[in-house]
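Novice: Please read through the structure below; I'll follow up with questions.
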Amino acid sequence: MNLGGSALNLKGPKITGGAFGEGLTATGEVAVVNAHIDGALVLTAAKLRNRGRQALRLEGTVVSGSAFPDKLQAFGQVSTVGVRVGGALLLRGAKLSRRYGTALDMDGGMVAGDAILDGLVAAGTVSAVNTHFGGQLSLERAKLSDRHGHALDLYGPELARDTCLTNLTAAGAIRFANAHFLTDLSMSEASLTRPRGVALDIQSTRVDGNASFYNMTANGGADCSRAVIGGQLNFSCATLSRSDGHALDLEGIFVKGTAFLNEIQTTGEVRAPVAHFGQQLQFTGAVLHGTGKTSPELYGAEITGDTIFNAVEAVGEVRAVNVHIRRRT
């Protein structure tokens with residue numbers, strides 16, 4: 001097998017009864033492109049190496065059953081662009097590495113069942129732009145890194161069940177911009193680091209259920225501008241900081257339920273101009289360091305329920321011009 005060449009190259013095959021590569025070891029590209037696999041795809045504990053290039057290509061393949069690349073080790077890109085999986089995708093405990101660019105490319109694909117990527121370690125972007133997930137998406141305890149770009153890029157996908165990224169660690173941006181979460185989104189206990197630029201980007205994202213960022217740490221801050229949250233928004237006990245911008249940007253956000261920012265700690269501006277909060281806005285015990293700027297900035301916000309600012313420590317101007325509060329503060 002030649003480094004940088006093809007270890008396996010199958011274009012357009014029809015495979016009946018499933019495809020089984022458990023424990024496969026290959027040096028060079030493994031390509032199964034535009035295939036139709038009637039059954040499961042099994043690549044459990046495979047070890048693939050094509051460093052700096054594509055280690056595994058499955059573009060355009062249809063898998064009628066589930067895909068099992070659990071504990072996959074790939075040195076080189078894994079590309080599943082446009083792949084359609086009729087069952088679940090299980091990529092638990094996998095280790096993926098690409099020196100530059102995208103380590104796992106799932107753009108434009110579809111997973112009908114659950115996509116479980118718990119414990120995934122990826123050096124390089126994990127991308128699922130405009131991908132449809134019919135079941136749960138889980139990246140619990142995943143460790144993702146791409147310091148020069150997006151560690152996780154979920155721009156524009158549709159996610160039909162709960163999305164769980166609790167205890168995720170990311171060096172690089174997490175982007176959910178224009179995504180649609182049909183139920184809940186949870187990033188509780190996540191730790192994000194991006195020294196330059198925003199660490200968490202959920203601009204114009206729609207979450208029909210609750211969005212929880214409880215006890216999250218984001219060095220690079222969070223941009224939730226123009227997001228629509230159908231349930232509760234929870235940033236309680238989160239620690240957000242950004243040296244070159246806003247620690248928390250809620251401009252134009254629509255939250256149908258209560259927004260919990262209790263005991264949040266921020267270094268950088270917190271702003272929510274022209275935001276809408278359908279129930280309570282809670283800042284009890286918050287520590288807001290505006291680094292010389294306004295924090296919080298609530299210009300033109302609308303708050304339907306109670307507004308609670310008990311025991312708040314704020315460094316910087318608190319600005320609430322033209323705020324419409326329908327109940328007591």
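Position 35 of the sequence shown, counting from 1, maps to 35 under the working numbering, and the rest follow consecutively. The beta carbon of each residue, even a glycine, is placed where N, CA and C say it ideally should be.
#1: Quick check on the burial criterion: 16 or more other C-beta atoms within 10 angstroms. Buried or exposed for Lys14?
#2: From this set, Ile253, Phe75, Gly21, which residue's C-alpha is nearest Leu298's C-alpha?
#3: Could you spell out where the beta strand (DSSP E) holding Asn50 opens and where it closes?
#4: Tell me the DSSP secondary structure of Val318 in three-state form.
#5: Could you give the first and the last residue of the continuous beta strand (DSSP E) run that contains Gly268?
#6: Cβ atoms of Val42 and Glu59: under 7 Å apart, would you say?
#7: Among Thr44, Gly245, Gly93, which one has its Cα closest to the Cα of Gly220?
#8: Please name the residue, chosen from Ala227, Phe20, Pro195, Thr44, that lies closest to Lys71 on a Cα-to-Cα basis.
#9: Are the beta-carbon atoms belonging to Leu168 and Ala190 less than 7 Å from one another?
#10: Please report the distance separating the alpha-carbon of Ser334 from that of Arg319.
#11: With Ile174 as the anchor, note down where its beta strand (DSSP E) starts and where it stops.
#12: Which stretch, first to last residue, makes up the beta strand (DSSP E) that contains Thr27?
#13: Counting only the same chain and skipping the five closest in sequence on each side, list residues whose C-beta sits under 7 Å from that of Lys11.
#14: Measure from the alpha carbon of Gln279 to the alpha carbon of each residue in Glu269, Thr266, Val287, Glu302, then state which is nearest.
#15: Specify the secondary structure class of Phe309 as computed by DSSP and reduced to three states.
#16: From Gln203 to Arg53, what distance separates their C-alpha atoms?
#17: Is the beta carbon of Asn262 sitting closer than 7 Å to the one on Thr239?
#18: When DSSP labels each residue in this structure, what does Ser188 get in the three-state scheme?
#19: Please look up how many angstroms separate the CB atoms of Ala31 and Arg57, rounded, as I've assumed it's under 8 Å.
#20: Can you name, in chain order, every residue of its own chain whose Cβ lies under 8 Å from the Cβ of Arg92, other than the five neighbours on each side?
#21: Buried or exposed for His148, please, with buried defined as at least 16 other CB atoms from any protein chain shown within 10 angstroms of its CB.
#22: Please go through the segment 30 to 115 and give each complete beta strand (DSSP E) segment of 3 or more residues, from N-terminal end onward.
#23: Looking at the unbroken beta strand (DSSP E) that takes in Gly124, where does it start and where does it end?
#24: Taking the beta strand (DSSP E) that Asn178 belongs to, which residues open and close that run?
#25: Buried or exposed: Arg175, going by 16 or more other Cβ atoms within 10 Å of its Cβ?
#26: Below 6 Å CB to CB, which residues in the same chain sit around Lys47 once its five sequence neighbours on both sides are set aside?
#27: What does the alpha-carbon distance come out to for the pair Leu165 and Met216?
#28: Count the other C-beta atoms from every protein chain shown that fall within 10 angstroms of the C-beta of Gly17, then say buried if there are 16 or more, exposed otherwise.
#29: Tell me which residues share the same chain as Ser66 and place their Cβ nearer than 6 Å to its Cβ, disregarding the 5 neighbours each side in the sequence.
#30: Which runs of the beta strand (DSSP E), 3 residues or longer, sit entirely within the segment 189 to 259?
#31: Anyone know if the C-beta pair for Ala222 and Leu248 falls short of 7 Å?
#32: With respect to the beta strand (DSSP E) encompassing Ala7, which residues constitute its N-terminal and C-terminal limits?
#33: Please say whether Leu233 and Ala199 have beta carbons closer to each other than 7 Å?
Specialist: In short:
#1: Within the sequence shown, residue 14 is the residue found at index 14, counting from 1. So Lys14 counts as exposed.
#2: Residue mapping note: residue 298 aligns to position 298 of the sequence shown, counting from 1. Closest by alpha carbon: Ile253.
#3: Mapped onto the sequence shown, residue 50 falls at position 50. Run containing Asn50: 47 to 57, per the beta strand (DSSP E) assignment.
#4: The residue you call residue 318 lines up with position 318 of the sequence shown. In the structure shown, Val318 sits in coil (DSSP, three-state: anything other than H, G, I, E or B).
#5: If you number the sequence shown from 1, residue 268 lands on position 268. Start and end: 265 to 271.
#6: Along the sequence shown, read from residue 1 onward, the residue named residue 59 stands at position 59. Along the sequence shown, read from residue 1 onward, the residue named residue 42 stands at position 42. Contact: no.
#7: Working through the sequence shown from its first residue, we reach residue 220 at position 220. Of the candidates Thr44, Gly245, Gly93, the one whose C-alpha sits nearest the C-alpha of Gly220 is Gly245.
#8: As a first step, residue 71 must be located in the sequence shown, where it is residue number 71. Nearest C-alpha to Lys71: Thr44.
#9: Residue mapping note: residue 168 aligns to position 168 of the sequence shown, counting from 1. Residue mapping note: residue 190 aligns to position 190 of the sequence shown, counting from 1. Yes. Within cutoff.
#10: This structure does not reach residue 334, given that the chain is present from 1 up to 329, and the question cannot be answered.
#11: As a working note, residue 174 is residue 174 in the sequence shown. Where Ile174 is concerned, the enclosing beta strand (DSSP E) stretches over 169 to 175.
#12: Counted from its first residue, the sequence shown places residue 27 at position 27. Counting along the chain, the beta strand (DSSP E) containing Thr27 begins and ends at 25 to 27.
#13: Residue mapping note: residue 11 aligns to position 11 of the sequence shown, counting from 1. Cβ within range, chain order: Val33, Asn34.
#14: Counting from one through the sequence shown, the residue named residue 279 turns up at place 279. It is Glu302.
#15: Within the sequence shown, the letter at position 309 stands for residue 309. Coil.
#16: On the sequence shown, position 203 is the one that residue 203 refers to. On the sequence shown, position 53 is the one that residue 53 refers to. Going from the Cα of Gln203 to the Cα of Arg53 covers about 32 Å.
#17: Here residue 262 refers to the residue found at position 262 of the sequence shown. Here residue 239 refers to the residue found at position 239 of the sequence shown. Going by C-beta atoms, Asn262 is not nearer than 7 Å to Thr239.
#18: Along the sequence shown, one-based indexing puts residue 188 at 188. Coil at Ser188, not helix or strand.
#19: Indexing the sequence shown from 1 puts residue 31 at position 31. Indexing the sequence shown from 1 puts residue 57 at position 57. Between Arg57 and Ala31 the Cβ distance is about 4 Å, and since that is below 8 Å, they are a contact.
#20: Reading the sequence shown from its first residue, position 92 is the one you call residue 92. Answer for Arg92: Asp70, Lys71, Ile116, Leu117, Asp118, Gly119, Leu120, listed in chain order.
#21: If you number the sequence shown from 1, residue 148 lands on position 148. By the neighbour-count rule (16 or more Cβ atoms within 10 Å), His148 is not buried but exposed.
#22: 36 to 38, 47 to 57, 73 to 79, 95 to 105
#23: The residue you call residue 124 lines up with position 124 of the sequence shown. Gly124 -> beta strand (DSSP E) spans 121 to 127.
#24: Within the sequence shown, numbered from 1, the residue matching residue 178 stands at position 178. Counting along the chain, Asn178 falls outside any beta strand (DSSP E), and DSSP gives it neither H nor E.
#25: Mapped onto the sequence shown, residue 175 falls at position 175. The residue in question, Arg175, is buried, as its Cβ has 16 or more Cβ neighbours within 10 Å.
#26: Sequence index remark: in the sequence shown, residue 47 carries index 47 (1-based). Same-chain partners within the cutoff: Thr25, Gln73.
#27: Mapped onto the sequence shown, residue 165 falls at position 165. Mapped onto the sequence shown, residue 216 falls at position 216. So the alpha carbons of these two residues sit roughly 11 Å apart.
#28: As a first step, residue 17 must be located in the sequence shown, where it is residue number 17. Flag for Gly17 reads exposed.
#29: Here residue 66 is taken as the residue at index 66 of the sequence shown, counted from 1. Within the same chain, Ser66 has close Cβ partners Ala40, Gly87, Ala88.
#30: 191 to 193, 217 to 219, 239 to 249
#31: In the sequence shown, the residue the question calls residue 222 occupies position 222. In the sequence shown, the residue the question calls residue 248 occupies position 248. Yes, Cβ-Cβ distance for Ala222 and Leu248 is below 7 Å.
#32: Residue numbering aside, residue 7 sits at position 7 when the sequence shown is read from its first letter. Element bounds for Ala7: 6 to 11.
#33: Within the sequence shown, residue 199 is the residue found at index 199, counting from 1. Within the sequence shown, residue 233 is the residue found at index 233, counting from 1. No. Outside cutoff.
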